[in-house]
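*Asks:* Please find one structure pasted underneath; my questions will follow.
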C-alpha cells in the first residue's frame, strides 16, 4: 500500500482543496519542493506559481497560487494561499487609495446632504426626544 | 359609486409597496444563503494561521514582534464594519451605538481615536460626527475580496508600527442566527496574549524554517490581522442579508395588517352610503 498525506489548500476567502495525496509539489521561495508523506515539519514561504497535488499515478491536480505559506507535518500538508499577488508597492498603493476615500467622504458634506448623514441626524434627534420624554415623565 | 375612492387608491398603493417588500425579502433570503456559505468558507484559514502563530511564538520566546507587545495606551484605532445599503433594520445603528459607547469611554480616559470605516453607512455616519476618519473603503458588494480592504488595514498597521496608535480593534455584527445579530468588538493588536502564549500540549518539536522564523512570523501576523478583519466583513454581510430579510418580512406583514384595516373601513363606509341612499329613496316615496 502506498503512503498518503492529507492536503489542505485554503485561502482567506475560501477552502480551495481538501483531500489526500501521494505527493505535493509547491513553489517555495528557495526553489520548488516536493513533499512526500512523513516529511519532517517545515514552514516556508511560497512564490507565485503552480501547486501540483499527485493523488495517484493516474491523477494529478494543478492549482495556481499567488504566493502564500506552506506548512508541513508528517501526516499533513497545509497551504495558506494568498488570493492575489501581493507586494509592498501594491499594498502601499491600496493604502493611499483608502486614505483618499476617507478624505473625500469627509469633504463631501459641503454639497449634497448624504442619506446616511441625514439618517445619523435623525438618530440623534430621536435620542434627544427620548431624553426629553424621560425628563418630562420624571417632572410630571 | 363614488364612495371611498381615496381609501381604494390607498389600499392599491399599499399593495404595491407590499409587493416590493415581499420581493426584497425573497432576494435577501437567497443572498443570505450565499453569504452564509462564504462566511463559513473563511474560517479554516484564520484558524490555521492562529495555530501556526501560536507555535511560532512558543518556539521563539526570545523574539518579540511589536504586534505581540503591550504598550501604554494613548491612542487607539478602530475599524468599523457596516453595510453599504440601508433597509436592514437596526443592524448598522447597533454597531454605531456600540462604537459610540466605546468612543465616549475612551474620551473619558483621555485616549484619542483613529477610525477606519468599511461600508458606506459607517463612512457617512462618522464623517457627520466629525470623528477622526483616517481610511475608508466602500461599495464592496456581496463577495468582497481581501484586496479591497488590504489598503485600509495597511494604514492601521503602519500607524501601529510607527507608534501612532497603541491598540487596534475591529467592530462588526456577529451572526448568531437568522433572527439575531449582535455587534461585537475584537482586539486585533496587540495580538491577545492568552491566545498566543498558552503552552502547547505534547512533546516539544519544532519546524524547519525557510528562510527564517522571524520573517515568517512577520508575514503571518499581518495575514492574521487581515483574515480577522475580512472574516468580520463577510460575517457582517451575512448579517446584513439576514436583517434585511427579517425587516422586509415584518414590513410585508405590517402592510397586510394595514390593508385589512383599510378594507374594513372601506366596507363600512360603503354600507353606510347604501343605507343612507335607501332611506332617502324610502323617505322620498313616502312624501309622494
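Protein chains in written order, with the numbering used here: chain A, 1 to 140; chain B, 1001 to 1288.
Note that the Cβ used here is the ideal one computed from N, Cα and C, for glycine as well.
Tell me, please, which residues DSSP counts as bridged to residue 1144(B).
*Replies:* Numbered from 1 along the second chain, position 144 holds the residue referred to as residue 1144(B). Beta-bridge pairing links residue 1144(B) to no other residue.
*Asks:* Is residue 29(A) helix, strand or coil by DSSP?
*Replies:* Numbered from 1 along the first chain, position 29 holds the residue referred to as residue 29(A). Residue 29(A): coil per DSSP, three-state reduction.
*Asks:* At 9 Å on the CB atoms, spell out the chain A contacts of residue 1211(B), in chain order.
*Replies:* In the second chain, counting from the first residue as 1, residue 1211(B) sits at position 211. Within chain A, the residues near residue 1211(B) are 29, 30, 44 and 45.
*Asks:* Just to check, is the beta-carbon of residue 62(A) closer than 7 Å to a non-hydrogen atom of the ligand GTP?
*Replies:* Here there are no bound small molecules, and the ligand GTP is not part of this structure.
*Asks:* Listed in chain order, which residues of the segment 1036-1050 of chain B have Cβ atoms closer than 7 Å to some Cβ of chain A?
*Replies:* For the segment 1036-1050 of chain B, which is checked against every Cβ of chain A, the residues closer than 7 Å are 1041, 1042, 1044, 1045, 1048 and 1049.
*Asks:* DSSP state of residue 70(A), grouped into three classes?
*Replies:* Within the first chain, residue 70(A) is the residue found at index 70, counting from 1. In the structure shown, residue 70(A) sits in a strand (DSSP, three-state: E or B).
*Asks:* In three-state terms, what does DSSP make of residue 1074(B)?
*Replies:* Numbered from its first residue, the second chain carries residue 1074(B) at position 74. The answer is coil: DSSP assigns residue 1074(B) none of H, G, I, E or B.
*Asks:* So is residue 83(A) buried or exposed if we call it buried at 16+ other beta carbons inside 10 Å?
*Replies:* Within the first chain, the letter at position 83 stands for residue 83(A). The residue in question, residue 83(A), is buried, as its Cβ has 16 or more Cβ neighbours within 10 Å.
*Asks:* Quick one: what does DSSP say residue 1023(B) is sitting in, helix, strand or coil?
*Replies:* Against the second chain, residue 1023(B) aligns to sequence position 23. Three-state DSSP puts residue 1023(B) in a helix.
*Asks:* Taking residue 1092(B) as the reference, give the member of 1077(B), 1071(B), 1106(B) and 1121(B) with the closest Cα.
*Replies:* Within the second chain, residue 1092(B) is the residue found at index 92, counting from 1. The shortest C-alpha separation from residue 1092(B) is found at 1121(B).
*Asks:* Report all residues from its chain with a CB closer than 6 Å to the CB of residue 71(A); omit the five preceding and five following residues, and keep chain order.
*Replies:* Numbered from its first residue, the first chain carries residue 71(A) at position 71. Counting only Cβ-Cβ distances below 6 Å, and skipping sequence neighbours, we find 43 and 78.
*Asks:* How many angstroms separate the CA atom of residue 30(A) from the CA atom of residue 1221(B)?
*Replies:* Locating residue 30(A) in the first chain gives position 30, counting from the first residue. Locating residue 1221(B) in the second chain gives position 221, counting from the first residue. Taking the straight line from one Cα to the other gives about 21 Å.
*Asks:* Helix, strand or coil: which one does DSSP assign to residue 1177(B)?
*Replies:* Within the second chain, the letter at position 177 stands for residue 1177(B). Here residue 1177(B) sits in coil by DSSP.
*Asks:* Looking at chain A, which residues of the segment 1160-1178 of chain B have a Cβ within less than 8 Å of any of its Cβ atoms?
*Replies:* Under the 8 Å Cβ criterion, the segment 1160-1178 of chain B contributes no residue.
*Asks:* For residue 1065(B) versus residue 1168(B), is the C-beta distance shorter than 8 Å?
*Replies:* The sequence position of residue 1065(B) within the second chain is 65, counting from 1. The sequence position of residue 1168(B) within the second chain is 168, counting from 1. Their beta carbons are not under 8 Å apart, which means residue 1065(B) does not touch residue 1168(B) by this criterion.
*Asks:* Of all the options 58(A), 57(A), 80(A) and 59(A), which has the alpha carbon lying nearest to the alpha carbon of residue 46(A)?
*Replies:* As a first step, residue 46(A) is located in the first chain; it is residue number 46 there, counting from the start. Here the closest residue by C-alpha is 80(A).
*Asks:* Going by Cα to Cα distance, which pick from 1259(B), 1277(B), 1281(B) and 1268(B) is closest to residue 1009(B)?
*Replies:* Taking the first residue of the second chain as position 1, residue 1009(B) is located at position 9. Checked all of 1259(B), 1277(B), 1281(B) and 1268(B); the closest Cα to residue 1009(B) is 1259(B).
*Asks:* Check residue 1247(B) in the structure and name its three-state DSSP category.
*Replies:* Position 247 of the second chain, counting from 1, holds the residue named residue 1247(B). If DSSP states are grouped into helix, strand and coil, residue 1247(B) belongs with the helices.
*Asks:* For a contact defined as C-beta to C-beta under 8 Å, what are the partners of residue 41(A) on chain B?
*Replies:* Walking along the first chain from the start, residue 41(A) turns up at place 41. Within 8 Å Cβ-Cβ: 1205, 1206, 1207 and 1208.
*Asks:* In terms of residue numbering, what span does the beta strand (DSSP E) encompassing residue 44(A) cover?
*Replies:* For the purposes of this step, residue 44(A) is identified with residue 44 of the first chain, where counting begins at 1. Note, residue 44(A): beta strand (DSSP E), 42-54.
*Asks:* So what does DSSP say about residue 1066(B), is it helix, strand or coil?
*Replies:* The residue labelled residue 1066(B) in the question sits at position 66 within the second chain. Looking at residue 1066(B) - three-state DSSP - the assignment turns out to be helix.
*Asks:* Between the segment 1008-1030 of chain B and chain A, which residues of the former have CB atoms less than 9 Å from a CB of the latter, in chain order?
*Replies:* Cβ contacts with chain A: none found.
*Asks:* Please identify, using Cβ separations under 8 Å, the residues of the segment 1101-1125 of chain B that lie next to chain A, in order along the chain.
*Replies:* Here the close residues are 1116, 1117, 1120, 1121, 1123, 1124 and 1125.
*Asks:* What number of angstroms, rounded off, separates the C-alpha of residue 1150(B) from the C-alpha of residue 1111(B)?
*Replies:* What you label residue 1150(B) is simply residue 150 of the second chain in a count that begins at 1. What you label residue 1111(B) is simply residue 111 of the second chain in a count that begins at 1. Each residue's alpha carbon lies about 26 Å from the other.
*Asks:* Quick test of your reading: residue 1165(B) and residue 1075(B), contact by CB under 8 Å. State the CB separation rounded to the nearest angstrom.
*Replies:* Within the second chain, the letter at position 165 stands for residue 1165(B). Within the second chain, the letter at position 75 stands for residue 1075(B). The pair is a contact, with the Cβ atoms about 5 Å apart (cut-off 8 Å).
*Asks:* If we define contact as Cβ-Cβ less than 8 Å, is residue 97(A) a contact residue for chain B?
*Replies:* The count along the first chain starts at 1 and reaches residue 97(A) at position 97. It does: the Cβ of residue 97(A) has a partner Cβ on chain B nearer than 8 Å.
*Asks:* Can we say the segment 1031-1050 of chain B touches the segment 9-21 of chain A, given the rule of at least three CB pairs closer than 8 Å?
*Replies:* Yes, the segment 1031-1050 of chain B is in contact with the segment 9-21 of chain A.
*Asks:* Quick one: list the residues of chain B neighbouring residue 69(A), beta-carbon separation under 9 Å, in chain order.
*Replies:* Indexing the first chain from 1 puts residue 69(A) at position 69. 1049, 1052, 1216, 1219, 1220 and 1223, listed in chain order.
*Asks:* For a quick check, are the C-beta atoms of residue 5(A) and residue 25(A) less than 8 Å apart?
*Replies:* To locate residue 5(A), count along the first chain from 1; it is residue 5. To locate residue 25(A), count along the first chain from 1; it is residue 25. Their beta carbons are not under 8 Å apart, which means residue 5(A) does not touch residue 25(A) by this criterion.
*Asks:* Determine the burial state of residue 3(A): buried for a count of at least 16 other Cβ atoms within 10 Å of its Cβ, exposed for fewer.
*Replies:* On the first chain, residue 3(A) is found 3 positions in, with the first residue counted as 1. Exposed, since its Cβ has fewer than 16 Cβ neighbours within 10 Å.
*Asks:* Assess contact between the segment 1241-1259 of chain B and the segment 1015-1022 of chain B, defined as three or more Cβ pairs (one per stretch) separated by less than 8 Å. Is contact present?
*Replies:* Yes, the segment 1241-1259 of chain B is in contact with the segment 1015-1022 of chain B.
*Asks:* Since residue 1129(B) is in the alpha helix (DSSP H), which residue starts that stretch and which ends it?
*Replies:* Indexing the second chain from 1 puts residue 1129(B) at position 129. No alpha helix (DSSP H) holds residue 1129(B); DSSP gives it neither H nor E.
*Asks:* Can you pull the chain B residues whose beta carbon is under 7 Å from the beta carbon of residue 122(A), in chain order?
*Replies:* Position 122 of the first chain, counted from the start, is the residue given in the question as residue 122(A). Those do not exist, as residue 122(A) stays about 10 Å from chain B at its closest Cβ, beyond 7 Å.
*Asks:* Start and end of the beta strand (DSSP E) containing residue 1045(B)?
*Replies:* Start at 1 with the first residue of the second chain, and residue 1045(B) comes out as number 45. No beta strand (DSSP E) holds residue 1045(B); the alpha helix (DSSP H) holding it covers 1043-1059.
*Asks:* Thinking residue 32(A) and residue 54(A) are a contact (beta carbons under 8 Å), I'd like their distance in whole angstroms, please.
*Replies:* Taking the first residue of the first chain as 1, we reach residue 32(A) at position 32. Taking the first residue of the first chain as 1, we reach residue 54(A) at position 54. Going by Cβ atoms, the distance from residue 32(A) to residue 54(A) rounds to 14 Å, so no, they are not a contact pair.
*Asks:* Can you tell me whether DSSP reads residue 1164(B) as helix, strand or coil?
*Replies:* Locating residue 1164(B) in the second chain gives position 164, where the first residue counts as 1. Residue 1164(B): coil per DSSP, three-state reduction.
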